[in-house]
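Working notes, beginning with the structure itself.
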Amino acid sequence: MLTKLDHIDIKAADFDATVRTLLDMGLVITRRAPAPRNSVEMSLPGENQVVLEIHPAKEGGFTGIHHIAFQTDGGDLEALKAKGITFKTENMLIKDTGRTVSSFSDPNGLTWQLTD
Numbered sequence: 020m021l022t023k024l025d026h027i028d029i030k031a032a033d034f035d036a037t038v039r040t041l042l043d044m045g046l047v048i049t050r051r052a053p054a055p056r057n058s059v060e061m062s063l064p065g066e067n068q069v070v071l072e073i074h075p076a077k078e079g080g081f082t083g084i085h086h087i088a089f090q091t092d093g094g095d096l097e098a099l100k101a102k103g104i105t106f107k108t109e110n111m112l113i114k115d116t117g118r119t120v121s122s123f124s125d126p127n128g129l130t131w132q133l134t135d
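Residue numbering for the sequence shown follows our numbering, starting at 20 and increasing by one per position.
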């Protein structure tokens, strides 16, 4: 079962300016991941806040929301596959966070992610 909105992954053309703007808005940095991941995780202060994970966009590459991730208690992957959803990645370990993620695209091409 999905338990909460976990994070929103954003590709920013001007990484530093985006981070500064979010800091100015009152968000705090909760984690920095060095290259090759090269991201900053930010959230509103306090417990159980949704995380914004900011990555620098590649030169001339996509900018905007890359994916939205939901935390799950474990049964959703198989349940969604049984409903015909095809996953691009399944239970892929992210070394920087120690968490696993599974990703799929909906009919509009939007990317969604499940994480533990």
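Note that the Cβ used here is the ideal one computed from N, Cα and C, for glycine as well. Fair warning: this is a prediction, and the values are worked out from it, not measured in the lab.
Task: Candidates Gln68, Ala31, Ile73, of which the one nearest Lys23 by Cα - done: Of the candidates Gln68, Ala31, Ile73, the one whose C-alpha sits nearest the C-alpha of Lys23 is Gln68.
Open item on the list: Do Ile29 and Ile73 have their beta-carbon atoms positioned less than 9 Å apart in this structure?
Closed with: The answer is yes: Cβ separation under 9 Å.
TODO: Express the C-alpha separation of Val120 and Phe106 in angstroms, rounding to a whole number.
DONE: Roughly 11 Å between the two C-alpha positions.
Task: Asp25 (DSSP reduced to helix, strand or coil) - done: Per DSSP, reduced to three states, the secondary structure at Asp25 is strand.
Open item on the list: Is it buried or exposed, Glu60, if we count other Cβ atoms within 10 angstroms and call 16 or more buried?
Closed with: When all chains shown are included, Glu60 counts as buried.
TODO: Quick one: measure Cβ to Cβ for Phe89 and Leu129, integer angstroms, because I've assumed they're closer than 8 Å.
DONE: 13 Å between Cβ atoms; not a contact.
Task: Own chain, CB closer than 8 Å to Met20, minus 5 neighbours either side, in chain order - done: In its chain, beyond the 5 residues on either side, Thr91, Asp92, Gly94, Asp95 have a beta carbon closer than 8 Å to the beta carbon of Met20.
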